[in-house]
Structure formats: C-alpha cells, structure tokens
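Chains as they are written, first to last, in our numbering: chain U, 548 to 662; chain S, 433 to 548.
To start, the structure itself, in structure tokens.
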Amino acid sequence: DAKTTQPNSMESNEEEPVHLPCNHSTISGTDYIHWYRQLPSQGPEYVIHGLTSNVNNRMASLAIAEDRKSSTLILHRATLRDAAVYYCILRDVYAGGTSYGKLTFGQGTILTVHP
Amino acid sequence: DTGVSQNPRHKITKRGQNVTFRCDPISEHNRLYWYRQTLGQGPEFLTYFQNEAQLEKSRLLSDRFSAERPKGSFSTLEIQRTEQGDSAMYLCASSLSSGGATDTQYFGPGTRLTVL
Numbered sequence: 548d549a550k551t552t553q554p555n556s557m558e559s560n561e562e563e564p565v566h567l568p569c570n571h572s573t574i575s576g577t578d579y580i581h582w583y584r585q586l587p588s589q590g591p592e593y594v595i596h597g598l599t600s601n602v603n604n605r606m607a608s609l610a611i612a613e614d615r616k617s618s619t620l621i622l623h624r625a626t627l628r629d630a631a632v633y634y635c636i637l638r639d640v641y642a643g644g645t646s647y648g649k650l651t652f653g654q655g656t657i658l659t660v661h662p
Numbered sequence: 433d434t435g436v437s438q439n440p441r442h443k444i445t446k447r448g449q450n451v452t453f454r455c456d457p458i459s460e461h462n463r464l465y466w467y468r469q470t471l472g473q474g475p476e477f478l479t480y481f482q483n484e485a486q487l488e489k490s491r492l493l494s495d496r497f498s499a500e501r502p503k504g505s506f507s508t509l510e511i512q513r514t515e516q517g518d519s520a521m522y523l524c525a526s527s528l529s530s531g532g533a534t535d536t537q538y539f540g541p542g543t544r545l546t547v548l
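Below is the structure:
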C-alpha cells in the first residue's frame, strides 16, 4: 500500500471547523482514500472514504486534491467527542488476490479539542 | 445487533503460558480481521478470513500465533508460549464485502494482553 504522511498532532476549539491534512504523493490510480478514527480506549471506527471526487457524510467531508496527491478530512464543527487519533489510509482496489482486505495504519494525527 | 464483540477484554498471563482470544463479528459479515496495536502506534494487520478460509497472514504472525474461524462465524486467536513482546491490544474487525477495497471494517473494543 502507498504511504501517507500526516501531522503528529493538531488542536482545535469546540464548535470550530477542523481540517486534517494527509499527503499521499505516491498514490496510484486505483487507490481509495479511507479515513478511520480511534477514540480513547476504543477500536478504530470508519469515518469516510473517496476515490476522486469530494465526499460528504453525516460525520465529515473529504476533500481530495485534483492530482490526488493530498486530501483533507473536514470536521465542520468539532465537539469534545471528536478528540481522537485520525488515520488516513490508502487501499488499492486491485492489490491482487485478497491483499486489498487489510488496512495499513500509520501513526495518524492526534486531534485535541478544547472546550 | 450490538457490533463486534471480543472476549476477554483484559488478559494478564505469565511468560510461557498460552492464551486464546475470541472475536464474534457482526452477523453475516463474511470478512474477519485481526490486528495488533502497541502503545502509541497504529494497529498492525495480523491475519484475515473470508468466511472460514484464512486468506492472508502477516509476517508478524509467528508460528506461535494461530487463528481459526470455524464455520465462518466467530474467530479465535491463540498465542502459544507467550513472550513479553506479545503485550499489546489485539483488535478484531469484520466487514461485509463482495470484493474490492471499499468495504467498511467494524472494529471490536479489543483484548488487552499483558505478559508478565
């Protein structure tokens, strides 16, 4: 799987928008961009994924650069519950055989939300 | 449906003992994954089942580790002759997929193993 680069940590205030960046300069044309987050003392949970177009769901928005070498996860109004480690993960749909099953996590971005 | 469950939630054992963890996936999910997470690191993939077939194993999975998923339902992960380096959180995830890399993995709360 292609490598992603994220800042180690970011801080935000409650009720403000948060933009979490991810660089993936070696992304291939068949890589999907997935975001998961891990709240303290819990297993990771899915946030959002996309391929080329920007995506929105009830949790967040995903903005993908035109060249796909970077993406940004947007939390529109951060709450204290959004404090977590956010992981940006690339998954190759054509990794061959069954290799596309696994998620390859990096160290992620620790998001701190201040009241 | 209450999501992915894992038992036990915590396990403390002495070096050299065998331990077994259980994962109950979301019903009808055909894929089941095991990951290991050490403090301050992201989860690392260990192994993956499609129904009852174990289709991929990480190089991290030494011969002391074995996983099964009989009848494509629950799964067990056994560690034989535990070592202190095995201390970690062991996470299970499941997903429903007909192929491709867009399936959502649902994670359990994990089993925290401490080897003394």
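All C-beta atoms, glycine included, are put in the ideal place defined by N, C-alpha and C.
Report the neighbours of residue i on chain U: residues whose CB is nearer than 8 Å to its CB, in chain order.
{"i": "G540 of chain S", "result": "G590"}
{"i": "L523 of chain S", "result": "G590, P591"}
{"i": "E484 of chain S", "result": "Correct list: empty, because the minimum Cβ distance to chain U is about 14 Å."}
Report buried or exposed for residue i, applying the criterion of at least 16 other Cβ atoms within 10 angstroms of its Cβ.
{"i": "Q449 of chain S", "result": "exposed"}
{"i": "L548 of chain S", "result": "exposed"}
{"i": "P440 of chain S", "result": "exposed"}
{"i": "G644 of chain U", "result": "For G644 of chain U, the predicted structure reports a pLDDT of 49, less than 50, and the residue's modelled location is therefore unreliable. The matter cannot be settled from this model."}
{"i": "A520 of chain S", "result": "buried"}
{"i": "A525 of chain S", "result": "buried"}
{"i": "S507 of chain S", "result": "buried"}
{"i": "A485 of chain S", "result": "exposed"}
{"i": "H461 of chain S", "result": "buried"}
{"i": "H581 of chain U", "result": "buried"}
{"i": "P662 of chain U", "result": "exposed"}
Taking the Cβ atom as the reference point for each residue, do residue i and residue j lie within a distance shorter than 8 Å?
{"i": "H566 of chain U", "j": "T626 of chain U", "result": "no"}
{"i": "S617 of chain U", "j": "N555 of chain U", "result": "no"}
{"i": "V451 of chain S", "j": "I511 of chain S", "result": "yes"}
{"i": "L523 of chain S", "j": "F497 of chain S", "result": "no"}
{"i": "I595 of chain U", "j": "N604 of chain U", "result": "yes"}
{"i": "P475 of chain S", "j": "L464 of chain S", "result": "no"}
Can you list, in chain order, the residues of its chain whose CB lies under 6 Å from that of residue i, leaving out five sequence neighbours each side?
{"i": "E488 of chain S", "result": "Y480"}
{"i": "Y634 of chain U", "result": "Y583, F652, G655"}
{"i": "Q562 of chain U", "result": "Here residue 562 of chain U turns out to be Glu, not Gln, going by the sequence shown. Hits under 6 Å: R624."}
Anything in chain S within Cβ reach of residue i, meaning under 8 Å, just list it in chain order.
{"i": "Y634 of chain U", "result": "G474"}
Residues of chain S with CB under 9 Å from residue i, in chain order?
{"i": "T651 of chain U", "result": "G474, E476, F477"}
Spatial neighbours of residue i within its chain, please: C-beta separation below 7 Å, excluding the five flanking residues on both sides.
{"i": "D518 of chain S", "result": "I511, L545, V547"}
Can you give me the Cβ contacts of residue i inside the same chain, cut-off strictly under 8 Å, excluding the 5 residues immediately before and after it?
{"i": "S529 of chain S", "result": "N462, R463, D535"}
Could you list which residues in chain U have their beta carbon closer than 9 Å to that of residue i, in chain order?
{"i": "T534 of chain S", "result": "Y579, H581, H596, L598, R638, V640"}
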